[in-house]
Every structure is written in structure tokens, then in C-alpha cells.
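Take 1 as the starting number for the sequence shown in full-length UniProt numbering and just add one per residue. Ideal Cβ positions, reconstructed from N, Cα and C, are used throughout, including at glycine. Take a look at the structure set out below.
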Amino acid sequence: MPPQPTPLRAISGNQLPGCELSPYIRGQVIGQRECGQSPTEIARGINLSVSSVKYTLAQAPLRHEGKSIPRAPRKKSYTDTDERHLLRHVRANPKDTYKQALRRAA
């Protein structure tokens, strides 16, 4: 059975839940692994979850100097054709309002 959390216990300010690891912590994880420690030993020593340590070690070759890997940007809600139609309409009718331009270009 996992240990039960102590109610009203002081929360450590060293680690925020759900935040990314700093490049320094990532370097510590990788360095300890190179010294031969297992992911479980690393997790206990740095106070991280074992899954965080394993993921950090798996992603290490993809990172440049320990920095976070950029996330995929949001997908566009319009196509290149839609953009071309809208620009063509706006250039032909510069006095149209935003609402009129969207209605007529679609």
C-alpha cells in the first residue's frame, strides 16, 4: 500500500507539481545514470518519480544542452486557399468590416 499523505503538512517549495524539470536537474539525472545508478536510485536521490527519470533519460539524446524540446504548435483552422481568398477579398474591398470580409470570403 502506498504511503498516505500527511494532512496539513508543509509542501516543499523545491518542486512544483506538474512543472518541467530544469536543465540542471536533467543534468543531474543524466550524470547519475552515467555513474551507473539505476532509475529507481536516481528517483529516490533527487525526489522525483521513477517515470520522470526514465522519460528524462529516454529524451536526453533529443535535447540540446538540456533545454526543453519545443512542443508542436496549434494546427491552423484554415487552409492556404482560405487565406488566399480572404487576402484577395480584403485587397479588393479595403473598406469592408471584419465581419463582412469573413462572410464574403468564405
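For residue i, three-class secondary structure by DSSP
i, result
"Ser51", "helix"
"Arg91", "helix"
Inter-residue Cα distance where the pair is residue i and residue j
i, j, result
"Ile42", "Lys76", "41 angstroms"
"Tyr78", "Tyr24", "40 angstroms"
"Ala105", "Asp82", "8 angstroms"
"Val53", "Gly31", "12 angstroms"
"Asn93", "Ile69", "43 angstroms"
"Glu34", "Thr6", "35 angstroms"
"Leu48", "Cys19", "12 angstroms"
"Tyr98", "Arg71", "31 angstroms"
"Gly66", "Arg103", "47 angstroms"
"Val50", "His64", "23 angstroms"
Outcome for residue i when other beta-carbon atoms lying within 10 angstroms are tallied against a minimum of 16
i, result
"Pro39", "buried"
"Leu21", "buried"
"Thr56", "buried"
8 angstroms Cβ cutoff met for residue i and residue j
i, j, result
"Ala101", "His85", "no"
Next on the checklist: Between the stretch 58-75 and the stretch 25-35, can you find at least three pairs of beta-carbon atoms closer than 8 angstroms?
Outcome noted: Touching, yes, given that three or more Cβ pairs across the two stretches are closer than 8 angstroms.
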